[in-house]
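S.K.:
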Amino acid sequence: MRARRDSGFRGTECDQRDVALLAAIEDGLPLCARPFAQIGEAARMDEGEVLARLRRMCAARVIRRLGLVLQHRALGYRANAMVVWDVPDADIDDVAQKIVAHDFVTLCYCRERRAPDWPYNLYCMIHGRERRLVECQIAAVKRAAGLDQYPSRTLFSSRRFKQRGARFSAPAPIPMAAR
Amino acid sequence: MSDHAPDATDRAIINALQGGFPVTDRPFAEVASWLNTDEADVIARISAMLDAGMLSRFGPMYNMDRLGGAITLAAMSVPADRFDAVSEQVNAHREVAHNYERDHELNMWFVAAAETRSGIDALIERIEAETGLPVFQFPKEREYFIGLRLQA
Chain A
3 MRARRDSGFR
13 GTECDQRDVA
23 LLAAIEDGLP
33 LCARPFAQIG
43 EAARMDEGEV
53 LARLRRMCAA
63 RVIRRLGLVL
73 QHRALGYRAN
83 AMVVWDVPDA
93 DIDDVAQKIV
103 AHDFVTLCYC
113 RERRAPDWPY
123 NLYCMIHGRE
133 RRLVECQIAA
143 VKRAAGLDQY
153 PSRTLFSSRR
163 FKQRGARFSA
173 PAPIPMAAR
Chain B
39 MSDHAPDATD
49 RAIINALQGG
59 FPVTDRPFAE
69 VASWLNTDEA
79 DVIARISAML
89 DAGMLSRFGP
99 MYNMDRLGGA
109 ITLAAMSVPA
119 DRFDAVSEQV
129 NAHREVAHNY
139 ERDHELNMWF
149 VAAAETRSGI
159 DALIERIEAE
169 TGLPVFQFPK
179 EREYFIGLRL
189 QA
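Chains as they are written, first to last, in the working numbering: chain A, 3 to 181; chain B, 39 to 190.
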């Protein structure tokens, strides 16, 4: 297994009460006047402790954000493009900074090249309402970031089968002996 | 999904709360004060938009790296006549967060999260065993931007 670039903060930044709190909110915040007091009942802590711990974990970016997540297709965002490029490792940080300067770019990552016939390492997502507009946006990104010289593919999504947040308390892996 | 259409106040709530939610004792009252409405109205509207399927959820977005957890993007090349059956097999796993069909030979793309990297690898092996198809992982090396805020 490769070494992880981001070493975990488990056991240092988050204590057991933080973990209990994260598990209590992973399915969503209660829709009531004092949601953090209600969470506190589930996590066995008072409202003040819930607020203090959540503020600290938001500031530390353990929680990227609290809030709502759109089911983007229901709001008309049906043109969802994943654009990938094969960029030399030495150039990728500079190219990525030019890509993320566009406010319609929703996500941008560097990923390992792992599949046959898949040389791409730079990924960018654009969510739009009109496929033709998204195609124009992709062309604009390519021009501005000097990306026309690199091999590229655009993969529009045609169907969505599942969309929800990553879960925190995933079940334990099946022991090796049981598989 | 109902055909509930968002009005101007719904859209204002969506646009305001994709960026964050107040961590205070009366957060919905604070949101209401931004939008010139009242606490009960904000709660009712968010509830209605969740029920109508306009919002996929209302809660936290975790940073799995900071939690010591692992997340991966994975892709499979699924024969067209097996696509629906395979998507059911993949989506049945709790660790799978989303799954999209895309127009490429690698036509099924999903994101999975687990507490550990070995948990991800075990999941991928299980999916390969259940479907008889190879699953390719594309682990993240660097993150440049993770905004994903859309104008309602």
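Glycine included, every Cβ here is placed at the ideal spot set by N, Cα and C.
Predicted model, so just to flag it, every value in this text is computed and none were measured.
1) Which class does Gln56/B belong to by DSSP, given the choice of helix, strand or coil?
2) Should Glu49/A and Asp63/B be called a contact, given that it needs their Cβ atoms to be closer than 8 Å?
3) Note down, in chain order, each residue of its chain lying with its Cβ closer than 8 Å to the Cβ of Arg7/A, except the 5 sequence neighbours on either side.
4) Pick out the complete beta strand (DSSP E) segments inside the region 157-188 of chain B, 3 residues or longer, and give them in chain order.
5) Measure the Cβ-Cβ separation of Asp88/A and Pro121/A and say whether it is below 8 Å.
6) Have a look at Leu124/A and Trp147/B and give me their C-alpha separation to the nearest angstrom.
7) Which partner residues does His129/A have in the DSSP bridge list?
8) Per DSSP, Phe66/B forms a beta bridge with which residues?
9) I want to verify the contact list: residues of chain B whose CB lies under 8 Å from the CB of Gln1/A, in sequence order.
10) Could you list which residues in chain B have their beta carbon closer than 8 Å to that of Met84/A, in chain order?
11) On a Cα-Cα basis, can you pick out the residue from Glu179/B, Leu55/B, Asn53/B and His131/B that is closest to Glu168/B?
12) Looking at the secondary structure, which residues open and close the beta strand (DSSP E) in which Val107/A lies?
13) Does DSSP put Ala98/A in a helix, a strand or coil?
14) Quick check on the burial criterion: 16 or more other C-beta atoms within 10 angstroms. Buried or exposed for Asn82/A?
15) Tell me, please, whether the region 148-168 of chain B touches the region 66-73 of chain A by the rule of three or more beta-carbon pairs shorter than 8 Å.
M.R.: Walking through what the data contain:
1) coil
2) yes
3) Low confidence applies to Arg7/A: its pLDDT is 33, below 50, so where it sits in the model is not reliable, and the reading given next is rough at best. Excluding positions up to five away in sequence, the list is empty.
4) 174-176 and 178-184
5) yes
6) CA-to-CA, the gap between Leu124/A and Trp147/B works out to about 16 Å.
7) Asn82/A
8) Per DSSP, none; premise fails for Phe66/B.
9) There is simply no residue 1/A to check, as chain A begins at 3 and stops at 181 in what is shown.
10) Neighbours of Met84/A on chain B, chain order: Arg140 and Trp147.
11) Between Glu168/B and the set Glu179/B, Leu55/B, Asn53/B and His131/B, the nearest pair of CA atoms involves His131/B.
12) Val107 to Arg113
13) The answer is helix: DSSP assigns Ala98/A an H, G or I state.
14) Label assigned to Asn82/A: buried.
15) no
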